[in-house]
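Asks: Protein chains in written order, with the working numbering: chain A, 31 to 132; chain B, 8 to 149; chain C, 44 to 153.
1) Any C-beta of chain C sitting closer than 8 Å to the C-beta of residue 76 (chain B)?
2) What does residue 184 (chain B) reach in chain C if we use C-beta pairs closer than 9 Å?
3) Using the three-state DSSP reduction, which class does residue 124 (chain B) fall into: helix, strand or coil?
4) Does any residue of chain B bring its CB to less than 8 Å from the CB of residue 147 (chain C)?
5) Take the Cβ of residue 8 (chain B) as the centre, count every other Cβ of all protein chains shown within 10 Å, and call the residue buried at 16 or more, exposed below.
6) Closer than 8 Å is the cut-off here; do at least three beta carbon pairs connect the segment 20 to 29 of chain B with the segment 58 to 75 of chain B?
7) Closer than 7 Å by C-beta to residue 39 (chain A): which residues in its own chain qualify, once you throw out the five before and the five after it? Chain order, please.
8) For the putative contact between residue 83 (chain C) and residue 73 (chain C), defined by C-beta atoms under 8 Å, what is the C-beta separation to the nearest angstrom?
9) What whole-angstrom Cβ distance do residue 21 (chain B) and residue 45 (chain B) have, given they're in contact under 8 Å?
10) Report the three-state DSSP secondary structure of residue 51 (chain B) (helix, strand or coil).
11) Name the DSSP bridge partner or partners of residue 37 (chain A)?
12) Could you compute how far the alpha carbon of residue 89 (chain A) sits from the alpha carbon of residue 62 (chain A)?
13) Rounding to the nearest angstrom, what Cα-Cα distance links residue 75 (chain C) and residue 41 (chain B) in this structure?
14) Within the continuous alpha helix (DSSP H) that includes residue 99 (chain C), where are the two ends?
15) Are the C-beta atoms of residue 107 (chain B) and some chain C residue less than 8 Å apart?
16) Kindly list, in the order they appear in chain A, the residues whose Cβ is closer than 9 Å to that of residue 132 (chain B).
17) Residue 92 (chain A) lies in the beta strand (DSSP E); which residues open and close that run?
18) Out of B:122, B:68, B:137 and B:54, state which residue places its alpha-carbon closest to the alpha-carbon of residue 117 (chain C).
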């Protein structure tokens, strides 16, 4: 029994991503999308928290939202994986429930 | 939830997650209304309050000066709608300088226990909140 | 759209619910009831007053099943029943009684 958490807010504007990371259980995955993707960039003030989460849980970012914001794979924190919309669907089906953090 | 129509005997576990303070945005009120409307479907409902969501339950709210309806009184009607499990995260309270004493007293009457009045609010820590989320069929976030 | 009573007008929405519930009074309730083809009796008033008290305390008009349960608790099983309430308010107790009580349509009522 595991949960897919989706977060669409930048961690520099809202506490949503931080709060989500603090409620992860083993087996849960996080998909960061829309404005949230800027939180997956390396060397930011938030990067340590993402890196720590990625050691224990799958942390993914949506490629289309990265591209729209000028980000490429080389910009990402180590351990973070890229998925496209098809991968988004796979994540939803691979977990028992989805929690869309707002 | 069922594509092929309402199935009366299906009872799912629903969790409503509240993370916003009331009045500044519509989220808190919308969440409360969805909980009340959703109660008609007789599911197993829990309501979670974490982050700024804990401000929704703070006592002594007075909206007379801001021209908005004070819907804090409505949380006490949730028991009539058989919504009796309100989970409040301890860490979220502490981070905001609040304790359980700062919250409204919210109760429900237990039909199976001669209408004894019981508290609806249950304090949980962050790990328990995470476990609560993991125990649901459906999570609706506000 | 408004109810007219004793030279005053009281705005209502397209379904007849009072726009400003603080303007409500018992004469106006009788007029709204007339529009609903209901002749108010003590039994009708008991329900209307009960709804107003509920709204005062909780800031919502209760859904029908909540009303039934609450009436049952306060007035006993005979009055706390769908049958009793529908006899008083044939087009839906929550809807009609709330309208007469000057309250908004019950939350969750479509």
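No residue lacks a Cβ here, since even glycine has one placed at the ideal position from N, Cα and C.
Replies: Reading from the atomic positions:
1) yes
2) Within the shown structure, residues of chain B are numbered from 8 to 149, placing residue 184 (chain B) beyond reach of any answer.
3) In the three-state reduction of the DSSP assignment, residue 124 (chain B) falls in the strand class, which pools E and B.
4) no
5) With a pLDDT of only 42 at residue 8 (chain B), under the threshold of 50, the placement of this residue in the model should not be trusted; the figure read from the coordinates follows. Residue burial is scored here from C-beta neighbours: residue 8 (chain B) has fewer than 16 other C-beta atoms within 10 angstroms and is therefore classed as exposed.
6) yes
7) 46, 47, 65 and 66
8) Residue 73 (chain C) and residue 83 (chain C) do touch by the CB rule: their CB atoms are close to 6 Å apart, below 8 Å.
9) 7 Å
10) strand
11) A:62 and A:131
12) Rounded to the nearest whole angstrom, the CA to CA distance from residue 89 (chain A) to residue 62 (chain A) is 8 Å.
13) 29 Å
14) 85 to 101
15) Taking a beta-carbon distance threshold of 8 Å, residue 107 (chain B) does not count as an interface residue toward chain C.
16) Per Cβ cutoff of 9 Å: no residues; residue 132 (chain B) is ~11 Å from chain A at best.
17) 88 to 92
18) B:122
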